[in-house]
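Notes follow once the structure below has been shown.
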Amino acid sequence: MAAVSTFISNEWFWLPKNTTWEDFTQLKQEGNINLPSPKDLLYVFPLSGAVYLIEVLFERYIAKPIGRSFGIHDISARKAMKDKKTTTTSSSKGSHPHVSPLTKFSESCWRFLAYLSLFIYGVVVVQNKLWIWDTRLCWLNYPNQPLTDDVFWYYMIELSFYGSLLLSPFIDAKRKLGKMAIYAGAKQFSDIVFAIFAVTWFAIRLCYYPYKILYTTIFDQASILGRYPAYYVFNGLLLFLYALQWYWFYLICVTAIGAFKTGEVKDERSDSEDNDDEQDIGSGEADKDK
5 MAAVSTFISN
15 EWFWLPKNTT
25 WEDFTQLKQE
35 GNINLPSPKD
45 LLYVFPLSGA
55 VYLIEVLFER
65 YIAKPIGRSF
75 GIHDISARKA
85 MKDKKTTTTS
95 SSKGSHPHVS
105 PLTKFSESCW
115 RFLAYLSLFI
125 YGVVVVQNKL
135 WIWDTRLCWL
145 NYPNQPLTDD
155 VFWYYMIELS
165 FYGSLLLSPF
175 IDAKRKLGKM
185 AIYAGAKQFS
195 DIVFAIFAVT
205 WFAIRLCYYP
215 YKILYTTIFD
225 QASILGRYPA
235 YYVFNGLLLF
245 LYALQWYWFY
255 LICVTAIGAF
265 KTGEVKDERS
275 DSEDNDDEQD
285 IGSGEADKDK
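Residues in the sequence shown are numbered from 5 upward in steps of one, following the working numbering.
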């Protein structure tokens with residue numbers, strides 16, 4: 005623990021030259037301003053629990069009724085009957101419980117609402133901040149950069165949302181609005197959402213991200229604050245994220261090419277359960293027709 009504490013408080017590693025932790029303490033005392041502190045993370049733990057509780061209530065009492073109104077049914081009971089007939093085979097193969105389309109719809113509905121709300125709140129918070137338009141201001145006069153209440157709570161709520169996901173690690177709802185449309189049977193709307201998603205991904209994550217974010221963290225920071233160990237660590241992580249975004253864009257392109265060939269959007273990240281559910285839904289509809 006002593007080694008960890010020493011590493012965390014290592015000014016040579018974390019701070020630019022001629023900057024110390026004492027500078028932060030002095031600024032708080034003299035200027036009576038709010039600066040980031042590790043103690044701020046204590047807010048995340050109770051807030052994560054609160055967000056998770058809201059998620060459970062939203063999915064049960066709002067999202068699932070909406071899904072049922074679109075004709076999405078919970079077929080887990082029929083799945084259970086099918087699995088019961090093949091208990092021995094399933095146990096030998098180590099199969100996992102199936103998740104119904106209604107459950108997946110409700111999870112995607114929650115993710116969509118959460119991401120949309122965080123996006124709108126983020127835009128409201130940063131739209132009047134000078135440093136969002138001139139990124140050099142992120143480094144000028146460091147560390148004398150007061151933390152405003154709106155930015156503080158934006159980060160706390162954002163961290164709490166991701167913290168709540170750790171409380172339900174086996175939930176898979178990555179497709180959000182597009183998947184909601186698929187489960188609801190709105191194929192054309194789903195295709196439109198996918199096209200908007202692909203264009204937005206390319207414009208923001210592959211063009212805007214390096215132009216505004218990577219440029220200022222690599223070049224502006226170096227010219228104003230200089231280079232120090234944490235500079236290389238964090239920029240290395242940002243570059244790794246950029247590489248991952250190119251890989252994910254490759255998967256998006258594969259999906260788009262497949263859509264042109266087959267006329268149907270098939271998410272390359274989808275798991276086998278999605279296919280099973282779609283087949284069950286189709287067979288269920290066929291049974292109804294009979």
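For every residue, glycine included, the Cβ atom is placed at its ideal position computed from N, Cα and C. The model shown is predicted, which means the values in this text are computed figures rather than measured ones.
Using only CA atoms, which one of the options lies nearest to residue i?
{"i": "V128", "options": "C211, L171, V155", "result": "V155"}
{"i": "Y119", "options": "L151, L31, L169, T139", "result": "L169"}
{"i": "W16", "options": "I256, G53, P233, L218", "result": "P233"}
{"i": "T297", "options": "P105, N148, E111, I124", "result": "The question about residue 297 has no answer, for the chain in this structure spans 5 to 294."}
{"i": "F244", "options": "L210, N14, S110", "result": "L210"}
{"i": "Y236", "options": "F253, W252, L218, W250", "result": "L218"}
{"i": "L141", "options": "Y159, D195, D27, S227", "result": "S227"}
{"i": "Y246", "options": "I200, T204, V130, P214", "result": "P214"}
{"i": "K216", "options": "P150, V60, I136", "result": "I136"}
{"i": "N132", "options": "Y212, T152, L144", "result": "T152"}
With a threshold of 16 other CB atoms inside 10 Å of the CB of residue i, please say whether the residue is buried or exposed.
{"i": "W114", "result": "buried"}
{"i": "F238", "result": "exposed"}
{"i": "I76", "result": "buried"}
{"i": "A67", "result": "buried"}
{"i": "K108", "result": "buried"}
{"i": "F198", "result": "buried"}
{"i": "S104", "result": "buried"}
{"i": "Q30", "result": "exposed"}
{"i": "L57", "result": "exposed"}
{"i": "E63", "result": "buried"}
{"i": "T91", "result": "With a pLDDT of only 48 at T91, under the threshold of 50, the placement of this residue in the model should not be trusted; the figure read from the coordinates follows. T91 comes out exposed."}
{"i": "V8", "result": "exposed"}
{"i": "E111", "result": "buried"}
{"i": "Q225", "result": "buried"}
{"i": "G35", "result": "exposed"}
{"i": "S13", "result": "exposed"}
{"i": "S41", "result": "exposed"}
{"i": "E26", "result": "exposed"}
Rounded to the nearest angstrom, how far is the Cβ of residue i from that of residue j, given a contact under 8 Å?
{"i": "Y146", "j": "L229", "result": "6 Å"}
{"i": "E162", "j": "L122", "result": "6 Å"}
{"i": "L171", "j": "S52", "result": "7 Å"}
Can you name, in chain order, every residue of its own chain whose Cβ lies under 6 Å from the Cβ of residue i, other than the five neighbours on each side?
{"i": "V55", "result": "S164, F165, S168"}
{"i": "P4", "result": "Here the chain has residues from 5 to 294 only, and residue 4 is not among them."}
{"i": "T220", "result": "T139"}
{"i": "Y47", "result": "M160"}
Note down, in chain order, each residue of its chain lying with its Cβ closer than 7 Å to the Cβ of residue i, except the 5 sequence neighbours on either side.
{"i": "S32", "result": "For the sequence presented, residue 32 should be read as Lys rather than Ser. Taken in chain order, the residues that qualify are L39."}
{"i": "A202", "result": "I256, A260"}
{"i": "I124", "result": "none"}
{"i": "I222", "result": "N239"}
{"i": "F253", "result": "W205, F206, L210"}
{"i": "S99", "result": "Only weak support is given to the placement of S99: the predicted model assigns it a pLDDT of 48, under 50, and the question is left unresolved by the model."}
{"i": "F28", "result": "L39, P147"}
Can you list, in chain order, the residues of its chain with a C-beta nearer than 8 Å to that of residue i? Leave out the 5 residues immediately preceding and following it.
{"i": "F49", "result": "G167"}
{"i": "W143", "result": "T220, D224, Q225, I228, L229"}
* Runs of alpha helix (DSSP H) wholly within the region 202 to 242 (minimum 4 residues, chain order) -> 225 to 229
* To do: Taking only runs that begin and end inside the region 111 to 178, name each unbroken alpha helix (DSSP H) of 4 or more residues, in chain order.
  => 153 to 170
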